[in-house]
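Here the structure is laid out as structure tokens; the discussion comes afterwards.
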Amino acid sequence: MPGSSLRWRELLENLQKRRGPSTTILTSAEQQSLSRPRVHMQHQRPLTLERARKRATMLWAFILLLFFIWPRLGITPMAMEPQPELWIESNYPQAPWENITLWCRSPSRISSKFLLLKDKTQMTWIRPSYKTFQASFLLGALTESNTGFYRCCYWKETGWSKPSKILELEAPGQLPKPIFWIQAETPPLLGCNVNVLCHGWLQDLVFMLFKEGYAEPVDYQVPTGRVAIFSIDNMTPEKEGVYICRTHIQMLPTLWSEPSNPLKLVVAGLYPKPTLTAYPGPIMAPGESLSLRCQGPIYGMTFALMRLEDMEKSFYHKEPIKNEAYFFFPTLKIHDSGRYLCFYYDGSYRGSLLSDILKIWVTDALPKTWLLARPSPVVLMGQNISLKCRGSVDGVGLALYKKGEDKPVQFLDATSVIDNKPFLLHGVTHHDAGIYSCNYHLTWKTSIRMVTHNTVELLVVDKPPKHCLSAWPSTVFKQAKAITLQCPVSHPVLEFFLEWEERATFHKFLEDGDFIITNIEGKRTGTYSCSYHVEVHPNVWSHCSEPLKLIGPAGFLTWNSILDEAIRLSLMTELAALLLVLLWIRWKCRRLRIREAWLLETAQGVTMLFIVAALLCCDILPKPVISASPPIRGQELQIRCKGWLAGMEFALYRDGEQEPVQQLGAVGREAFFIIRRMEDKDEGNYSCRTHTATLPFKWSEPSEPLELVIKEMYPKPFFKTLGSPQVTLGARVTFNCSTPHQHMSFILYKDDNEIASSDRSWANPGPSSAHFLIVSVGIGDGGNYSCRYYDFDTWSEPSDPVELVVTEFYPKPILLAQPGPVVFPGKDVTLHCQGNLKGMRFALLREGTKAPLQFQSAAGSSADFLLHTVGAEDSGNYSCIYYETTMSNRGSYLSTPLMIWVTDTFPKPWLFAEPSSVVSMGQNVTLWCQGPFHGVGYILHKEGEATSRQLWGSTSNDGAFPITSVSDANIGRYSCCYHPDWTSSIRIQPSNTLELMVTGLLPKPILLAHPGPMVVPGENMTLQCQGELPDSTFFLLKEGIQAPLEHQRPIGYRADFWMPVVRSEDSGIYSCVYYLDSAPLAASYPSTSLEIWVTDKPPKPSLSAWPNTVFKLGKDITLQCRGPLPGVEFVLEHDGEEAPQQFSENGDFVINNVEGKGIGNYSCSYRLQASPDIWSEPSDSLELVGAAGPAAQECTVGNIVRSSLIVVVVVALGVVLAIEWKKWPRLRTRGSETDGRDQTIVLEECNQEGEPGTTTNSPSSTSQGISVELPVPI
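Quick note on the working numbering: the sequence shown kicks off at 1041 and runs consecutively.
Structural data, given as structure tokens:
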């Protein structure tokens, strides 16, 4: 343990030097551990703590302070995933690095797999035989090969967990550096307690806490585990400072770890809080600029700004301007929205309290507002009315507008809006009547769009307006039927009044406006009218409605009523008869097996015609059917009313209201009523009715009631595909539906139809999730997928849909950028996707993003996607696809990717020549100008020429400038640049300069290698190029490389190209050229090629025999050994002989076969004359066969004698066989089958002249005829 203050200062100095003057704000001890080198404590220098390091430490302390006061700000912290724990075990306490085992433990759950990582790469993973909380990894002895940074993970249902803290294993003899951090639960405020933790990685360690300026430790602990907690009570400015911790083994007090990273503790909140304001305002559109001003009461402070949603990436600090600082955002993005706060601190890093939170909103359009009139939109002259406007944006004023007027009528500031104050119109007149709307009132200039939800039409009258009176089902009384007179009004009414002109004393008062009139004894026919008075003016009655006359018979029988009853009775009889005929036809067809479908259809059509006629004549319309999906709060709801007859009109009613809620005209046999936004006020029982389209209306009975109740629902789940939702046939697709709630069941929908489900799991605590797998995508698997989850009787909202597109059914589209693929930051770009078919849906994709960026449904064959106010993050490869939505989302191939660059400067293109920039006269060469952009024109410039060659558009030969039959006129220096075919303010840079050199105009030089063409790796080498003319520039060329490697302008006739420390990559074929300074680039012929070998083992030679490998009588064989290098000496070796056979400088070896000693396997090798100790590998062995001399002659004579005897024997055997063949008896064919023995059957057919038709079976018959012999082979 060091015992002096000097040692302590030396430690901190080296520690500070190691960290450097970085001002990066580190957010965890892991990031600090990853970036640090080792600490060496050999030198002693005075202690110097750099200001930048202090600033970073101070800002880190303020971030900690923000976390401490997080609950006070009303912000819920995010739940962090617990990390696994990694520690060391050793069986050798005296020397723990002799046998090391790393243990990994999961924090809260058992796991089936554990993973150990080293230096951010996977090292190994194990699968225990059973699920467990921890697993071990045996490293053995600690050596240089297994030192490094270690972390571990464990397997969860959703994948690998977050890695553990980083453990650094260093060279043997040192303990790992501990991790030192402050406990997040304890704020370092004045007078509070602070806990700092030190993690030491091993058991049974002694932990020491040191403070800068003190030689001895301020505290020490011997915990039972691997973590020590040091408590600093009653935090005061005197206890501020830099702290570190160290560990050592109890049994080895001299074995210490390296010091931990320093931790600076400061007392925060000593100054008053500043104020934070936004200019021009807190609500801005994307692409606009914003300035945040942080102002405090003290001059000379340093200010810092942070965004609560992402403090790690959005932490800024500025030097002050007097007592304030400005934080400027030149181009706002959507992700810049959030809650901001600021603070300031002095030179000793003592900070202020945090400012109030300022909400910044970056959006294209503000939410809708809505306007209500109280007490009614119908108001009497001189009365007062309030217009209440509401919106969802806080801290913004409102403005009231009237149609036809340019300026707002009234304003409400933000304070009045918070106090829920309305717009007031006092003493209204006819001039105040009109259509009103309201919207947000921003006092600063911005391009945000504002949308109004609704308008209110204000009516100013002396009396309430006149209304209409209607009768249901008609104005004609029928026998024993009543008529309902309806007096509808669109605003609240206190009471309705019905008058009967024929009887002045007849009066009826009702609250709902439906008067039921019965025609008892025919005394209720006549003319009726109605009026009303409203709630706000109970003494003022409206004008009477237009009169309505009721006519019809009374309750006694008339000829018309008798005729009506007779018609009805006959229709009912015909209906019953038609039904009986229909049943009889069906029975007859089945019995007689008659398949005349048209007969049945005709009968059914006639029957339905009579049914409809009967219903109409009887004034009966069928009852409709009403249905709707479960209502969801805040979302649109469709109510379906299904009728039975075409051409009917529909009306939707709600219990407690006399007038229809909605009405729809003739739209077919069914209608859909829409509630735009379902709220609590929309709950209740609904029914629908149908009626005829012409007067007098004939109404159906109301449908069965439909109860709409908004149930409390879980929020919608997270739904996605693990891969891209654009797949090909046969691909594998996995849908993931997840929610933070526990023990949930999931349902998968396709096109709103349930197709799969997953039951809840009680074994796994924590968030619920389900995977739905399509093993092999088929033609019909495309569509819109979504999911929901539920728990008993409570459901979630539907997830956002995922459109699964099955691609490669249609030709790929073409994607173009307008005005071009290179865009200036902050500008707009339109991506035009041109397909081949009309009426398709288009999707825009980006490389690296799974889900499509935008969708569009187009009536034509193309779609335009707008990228608004692009920034550098919008650069990337884009593609598009189109697909139809009526046939399972069958899509096209992906378009060719289009690279979009967002930059203010075109990058330099690269100009090169193919095959080389050094070409001979008459050869063809192509100059390529290429860069990362495509679809951009290029211009080729030649030095000294006024005109340029340009190439437009994106083709297969993008940027290619061919030069055919090169001549001296093409010699020169070339460069190129982009030439976009659209107007752009992007700066253009020229490419590199290419020198096109033409050879064959001067004598060729000589190229030599020193010390030789082969050199050992790591040695130096010189290539000498000897020319014939002075004042020349020499160039060194290498085969396969387009540009010259090097050039020199020596004083004499020779250039020395020095190649220091050559490597194997320097091997190759070299040549050189030169040109006169008076005629640049008009070069000589290339020198003779020189092959250079950089190797410590020369390549093996080849061995061949001439004329062949077989010895002939009295002839020798010449073995030829050839190698790739000049200046070598060859040696020939013969198998079985220890010493080399022969040496040769040209590689030719003459071999004779005296006494048979030349036969055998030969090989050869060589060595460099300049390096006689370096030998090449031996060649492949070559075998020589045969012999030379008398022995071979004797062997040849013997072979001739033996061959002659064999020929004589074969000829003799042939003669014997021929004789025997002539003597062999001929057999006749018989009617019976052979007994299986091999024989020759001879068939003879003889035609006798005297006995026609007879056949002779004798083999010796000499009668005239035809004999056919058929041999049967053995």
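Using N, Cα and C, we set each Cβ at its ideal position, and we do this for glycine too.
These numbers come from a predicted model, not from an experiment.
- Taking a C-beta distance under 8 Å as the contact criterion, Pro1216 and Cys1285 do not qualify as a contact pair.
- Under the three-state reduction of DSSP output, Gly2254 falls in the helix class.
- Beta-bridge analysis with DSSP links Ser2072 to Leu2116.
- Of the candidates Phe1786, Val1815, His1811, the residue whose Cα lies closest to the Cα of Asp1799 is Phe1786.
- Non-local beta-carbon contacts of Asp1472 in its own chain, meaning distances under 7 Å to residues more than five positions away in sequence, involve Leu1465, Leu1498, Val1500 in chain order.
- In the structure shown, Val1457 falls within a helical segment according to DSSP collapsed to helix, strand and coil.
- For the pair Glu2173 and Glu1138, the Cα-to-Cα distance works out to about 52 Å.
- For the pair of segments examined, the region 1755-1767 was found not to touch the region 1165-1178: the number of CB pairs separated by less than 8 Å stays below three.
- Relative to Gln1450, the option among Ser1456, Ile1458, Leu1440 whose CA is nearest is Leu1440.
- Assignment of Ile1819 by DSSP, reduced to helix, strand and coil, places it in the helix class.
- For Asn1301, the three-state secondary structure derived from DSSP is coil.
- Taking Gly1696 as the centre and dropping the five residues before and after it, the same chain places the C-beta of Gly1724 closer than 8 Å to its C-beta, in chain order.
- A distance of 8 Å or more separates the beta carbons of Ser1809 and Lys1890.
- Minimum Cα-Cα distance from Val1767 among the listed residues Trp1739, Pro2212, Glu1843, Pro1949 corresponds to Glu1843.
- As DSSP reads the structure, Phe1713 sits in a beta bridge with Ile1679.
- Comparing alpha-carbon positions, the option among Glu1256, Phe1369, Val1246 lying closest to Gly1265 turns out to be Val1246.
- Counting of Cβ neighbours within 10 angstroms places Ser1331 among the exposed residues, the total staying below 16.
- A direct Cα-Cα distance of roughly 38 Å separates Gly1866 from Arg2013.
- The continuous beta strand (DSSP E) containing Thr1779 extends over residues 1773-1779.
- In this structure the region 1476-1495 touches the region 1403-1421; the number of beta carbon pairs closer than 8 Å is three or more.
- By DSSP's assignment, His1288 forms a beta bridge with Val1246, Trp1296.
- With respect to the 8 Å criterion, Val2038 and Leu2121 are classified as neighbours on the basis of their beta carbons.
- Counting along the chain, Phe1177 sits inside the beta strand (DSSP E) bounded by residues 1174-1180.
- Shortest Cα-Cα distance from Lys1205 to any of Ser1146, Thr1732, Lys1251 involves Ser1146.
- Nearest to Glu1983 by C-alpha distance, out of Asp2106, Phe1220, Pro2030, is Pro2030.
- Going by DSSP, Ala1857 is part of the beta strand (DSSP E) stretching over 1854-1858.
- Looking at the DSSP output, Lys1196 bridges to Gly1199.
- Taking 3 residues as the minimum length, the beta strand (DSSP E) runs contained wholly in the region 1386-1419 are 1398-1402, 1405-1414, in order along the chain.
- Contact annotation: Trp1484 and Gly1378 have beta-carbon atoms that are not nearer than 8 Å.
- When secondary structure is reduced to three states using DSSP, Leu2224 falls in the strand class.
- In the three-state reduction of the DSSP assignment, Asp1472 falls in the helix class, which pools H, G and I.
- Just measuring C-alpha positions, the residue of Ile1672, Glu1719, Cys2112, Lys1738 sitting nearest Ala1691 is Lys1738.
- Counted as a single uninterrupted DSSP element, the stretch harbouring Leu1661 is not any beta strand (DSSP E), since DSSP gives it neither H nor E.
- Around the C-beta of Ile1715, 16 or more other C-beta atoms lie within 10 Å, and the residue is accordingly described as buried.
- Ranked by Cα distance from Tyr1825, the options Leu1813, Gly1806, Ile1854, Asp1792 are led by Asp1792.
- Looking only at Thr2149, Phe1713, Glu1848, the smallest Cα-Cα distance to Tyr1923 is reached by Glu1848.
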